[in-house]
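**Q** Position in the sequence shown (from 1) plus 13 gives the number in my numbering.
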Amino acid sequence: MMRISLSMCKQTVVLPDRASGMLNLVDFFSPRRQKEKVVILLGATGTGKSRLSIDLATRFPAEIINSDKIQAHEGLDIATNKITEEERCGIPHHLLGVINPNTDFTATNFVDMATHAMDSILFRSQLPIIAGGSNSYIEALVDDKDYRFRSKYECCFLWVDVAMPVLHHYVSERVDKMVENGMVDEVRKYFDSNANYTRGIRKAIGVPEFDRYFRAEPFLDKQSRAKLLQEAIQEIKRNTCKLASRQLEKIHRLRNKKNWKIHRLDATGVFLRRGKEADEAWEEFVAGPSTEMVAEFLYNVSSEALVTKAALRECIAQCLVA
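#1: Could you check which residue in A120, S66, P302 and F123 has the C-alpha nearest to that of A141?
#2: Look at the Cβ atom of F170, then the Cβ atom of H276, and state whether they are nearer than 9 Å.
#3: Using the C-alpha atoms, what's the distance from P74 back to Y183?
#4: Suppose you measure from the CA of V52 to the CA of Y203; what does that come to, to the nearest Å?
#5: Using alpha carbons as the reference points, say which of R64, R72, H107 and V111 lies closest to I214.
#6: Looking at the strands, I want to know which residues DSSP matches up with W295.
#7: Around the Cβ of R101, are there at least 16 other Cβ atoms within 10 angstroms (buried) or fewer (exposed)?
#8: Specify the secondary structure class of Y166 as computed by DSSP and reduced to three states.
#9: Return the chain-ordered list of same chain residues with a C-beta closer than 6 Å to the C-beta of H86, the five sequence neighbours on each side being excluded.
#10: Taking its Cβ as the centre, do 16 or more other Cβ atoms sit within 10 Å of D159, making it buried, or is it exposed?
#11: How would you write the range of the alpha helix (DSSP H) that N252 sits in, first residue to last?
#12: Taking the DSSP output, what are the residues bridged to K50?
#13: Can you look up V192 in the DSSP assignment and give me helix, strand or coil?
#14: Taking the straight line between their C-alpha atoms, what separation do you get for W273 and R163?
#15: Can you name the residues that DSSP bridges to R277?
#16: With a threshold of 7 Å on Cβ separation, who are the neighbours of R238 within its own chain once the five nearest residues in sequence on each side are excluded?
#17: Distance, Cα to Cα, Q84 vs E290?
#18: Measuring CB atoms only, is the stretch 278-295 touching the stretch 53-65, in the sense that at least three cross pairs come out at less than 8 Å?
#19: In its own chain, which residues sit with a C-beta less than 6 Å from the C-beta of P105, not counting the 5 before and 5 after it?
#20: Please state whether DSSP places A144 in a helix, a strand or coil.
#21: If we call anything under 9 Å between Cβ atoms a contact, is T253 one with R187?
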């Protein structure tokens, strides 16, 4: 299971000022800027959006806003794959595990709460990083009818992409790991024979799939229970892969039909490696390039600027190991 390495919980990067030939956080938080800046992370389930959000939030002064409509609900931390307290590295998270599990969390709810969270984060001179898999909710926020968001905010869209066959294999392994970590017992606590699986947290993949198993469980022998359990687990894997495919289609639509300027980061190589090699590949293909893109976005670095990309790269590297 691809988890956030606690070694990534580093100090916030504070770059030297322009007078010394480098960059300054004052450039980002200057009242002269016409628009506030927001970083938005996209990607199918399991691609590493949460990990990247932590990487960026430990390298820049930032807070994270969850945009996964299921993870916004309280409960089912294993089944919904919520980032743990330890993995958050002390970074403040908003809209994560705060909604009543029996209450629907609509796109309108998300827009209202995310807008409030962004205002609060910016008031503290922090960068809002929005990360999650509910692309329709992000679309509702960014492309609102009155164009209010676009008129107020400038966005840097980063897309963590993984080749679908590789991602499908990974999410299948991730489901097995979730089962090992106690997902079945966790979901069993939410089982209700009269439950409505179209409302609240019970819409989450991993909940309705167990319904038939929980109903039949008391009446089956050990072998039959094991068979029915495996059928439920396989259904969860299929539905998770279908979700990933739908999420990818939505990202392509935002990029190709709505012309969102989305920067793609190919993380396939990360998922083909293990251990230290995977961490090194993550830094090379995802975290490193993302850090450079966000730095350029925040500090208006261009090829014509006095500070070259090579100098920026060296400065960031020095700050990270300091």
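Heads up, the beta-carbon is just placed ideally off N, CA and C, and yes, glycines get one too.
**A** For this structure:
#1: Residue identity check: residue 141 is Pro in the sequence provided, not Ala. When only C-alpha atoms are compared, the closest one is S66.
#2: yes
#3: It is roughly 31 Å from the alpha-carbon of Y183 to the alpha-carbon of P74.
#4: 35 Å
#5: Cα-wise, what sits closest to I214 is V111.
#6: Its beta-bridge partners do not exist; DSSP assigns none.
#7: So R101 ends up on the buried side.
#8: Strand.
#9: I112, P114 and I214
#10: exposed
#11: K235 to N269
#12: E167
#13: helix
#14: 12 Å
#15: W172
#16: E230
#17: Approximately 30 Å, taken between the alpha carbons.
#18: Taking 8 Å as the limit for Cβ pairs, the verdict is that the stretch 53-65 does touch the stretch 278-295.
#19: E76
#20: Residue state, collapsed to three classes: strand.
#21: yes
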